[in-house]
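A quick write-up on the structure given underneath.
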Amino acid sequence: KESRFMEYKRAVEDKYLGPIIRTVMNRCIHCTRCIRFTEQVAGEHTLGTTGRGTHTEIGTYIEALVTNELSGNVADLCPVGALTQMPYTFVARPWELKSIYSVDVLDAVGSNIDIGKRGGEVMRILPRINEEVNQEWISDKTRHAFDGLKKQRLSFPILKNANGEVKELRWIEAMELIRDKLEGVQGNEIAGIVGKLADVESMCAFRDLLHRLGCERIESSSLAPKINVNLRSEYLFNSKISGIEDTDYLLMVGCNMKSEAPVLNARVRK
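Counting in the numbering used here, the sequence shown runs from 1251 upward without gaps.
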């Protein structure tokens, strides 16, 4: 049976913009929010429009990926769902999630975030509006780093031999190997280093273990800047984050703000 629709029926091929953004371009209404955000806020001239009239499409002019550190925010901006979060696709429904307000700890900005969890599992992270800190943006690292809680984790011990070959061990074998190594040294020959994202319970258990071995050398801030935290003026901007736009002079030493603090970098570009 023939359709009564006699006009030109428009269809657009989906674009591949990278592993973070999923596209359904038939939904696109050409509001150009994604283009303006990518250029004006993220500072990347990747997206644009091609064609005219009913042949207008949004995409990359050539086969390219959106690689800026704030790319996930275009899915929040898109009003029709033409751009969505690829890792979150078909994972959960919004009404299934319980919202928990929190603060991002992956950089020094302290972006306000909304953690969506289902049961005891984190399903997604969204930005919370705070004009004094992160406005309404978060970095891709903040948005997707929770994948490390359940994907690509080391769930078993491994051992690398002298030839560089990696061998999988059972837990009992790993514990016996650690015991044999520690039995041959004195407490003053041992030192412990704790990662900056380790939880308090693990650090306490690690400290107790080293104390039983007679070791008192435990370092947990080797990568932290040596600053005086007794005075707030030692680690805060003179103008605060919200006042960066009005500053006359901004000096950055030994840092790459685009990769280390993308949200702050967007404020500086503004």
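Every residue, glycine too, gets a C-beta built ideally from N, C-alpha and C.
Rounded C-alpha distance that separates I1218 from E1381: Residue 1218 is absent from the structure shown; the chain starts at 1251 and stops at 1520.
What residues are listed by DSSP as bridge partners for Q1385? Beta-bridge pairing by DSSP links Q1385 to N1380.
Using beta-carbon positions only, say whether L1297 and T1310 come within less than 9 Å of one another. With contacts defined by Cβ atoms closer than 9 Å, L1297 and T1310 form a contacting pair.
Which residue or residues does DSSP assign as beta-bridge partners of N1362? N1362 is bridged to V1353.
Taking DSSP as the reference, what is the three-state secondary structure of V1416? It is a strand residue.
For S1352 and R1393, what's the separation of their Cα atoms in angstroms? Roughly 13 Å between the two C-alpha positions.
Could you check what DSSP says for T1304 in three-state terms: helix, strand or coil? Under the three-state reduction of DSSP, T1304 is assigned to helix.
Can you say whether S1452 is buried or exposed, counting buried as having 16 or more other CB atoms within 10 angstroms of its CB? The C-beta of S1452 has fewer than 16 other C-beta atoms within 10 Å across all chains shown, which makes the residue exposed.
Extent of the continuous alpha helix (DSSP H) to which R1272 belongs: Not the alpha helix (DSSP H): R1272 falls in the beta strand (DSSP E), residues 1271–1273.
Nearest CA to the CA of F1406: which residue from L1320, R1420, V1444, N1318? Out of L1320, R1420, V1444, N1318, the CA that lies nearest to the CA of F1406 is found in R1420.
For Q1335, which three-state DSSP category applies? If DSSP states are grouped into helix, strand and coil, Q1335 belongs with the strands.
Simplified DSSP assignment, three categories, for I1443: Assignment of I1443 by DSSP, reduced to helix, strand and coil, places it in the strand class.
CB of V1513 within 9 Å of CB of I1388, strictly: Yes, the pair counts as a contact, with Cβ atoms nearer than the cut-off.
Determine whether the beta carbon atoms of R1272 and T1334 lie at a separation below 9 Å. A contact, by the Cβ cut-off of 9 Å.
Going along the chain, which residues of its own chain have a beta-carbon closer than 8 Å to the beta-carbon of I1379, five neighbours each way excluded? The residues are N1362, Q1385, E1386.
Could you say which of G1414, F1456, V1359 lies nearest to S1492 if we only look at CA atoms? The option with the nearest alpha carbon to S1492 is V1359.
Note down the Cα distance separating T1317 from G1268, rounded to an integer number of angstroms. Per the coordinates, the alpha-carbon of T1317 lies some 8 Å from the alpha-carbon of G1268.
Segment contact, 8 Å Cβ cut-off, at least three pairs: the segment 1409–1425 with the segment 1434–1441: Inter-segment contact for the segment 1409–1425 and the segment 1434–1441 is absent: fewer than three beta-carbon pairs are separated by less than 8 Å.
Does DSSP classify V1291 as helix, strand or coil? Here DSSP, grouped into helix, strand and coil, assigns V1291 to helix.
When the Cα atoms are used, what is the spatial distance from E1289 to S1321? So the two alpha carbons sit approximately 11 Å from each other.
Sorted by chain position, which residues of the same chain lie with C-beta nearer than 6 Å to R1277's C-beta, five sequence neighbours on each side aside? Here the set comprises V1330, G1331, A1332.
Can you tell me whether C1284 is buried or exposed? The criterion is at least 16 other CB atoms within 10 Å of its CB, across all chains shown. So C1284 counts as buried.
Measuring straight from C-alpha to C-alpha, what distance separates G1442 and L1409? Cα to Cα, the separation comes out at about 19 Å.
Could you check the C-alpha separation between A1511 and E1346 for me, to the nearest Å? Their Cα atoms are separated by approximately 32 Å.
Selection from N1515, D1498, A1314, D1496 that minimises the alpha carbon distance to C1505: Closest option to C1505, Cα to Cα, is N1515.
C1454: buried (16+ other C-beta within 10 angstroms of its C-beta) or exposed? With fewer than 16 other beta carbons inside 10 angstroms of its own, C1454 counts as exposed.
Compute the Euclidean distance between the alpha carbons of R1228 and E1319, then round it to the nearest angstrom. Residue 1228 lies beyond the range of the chain shown here (1251 to 1520); nothing can be said about it.
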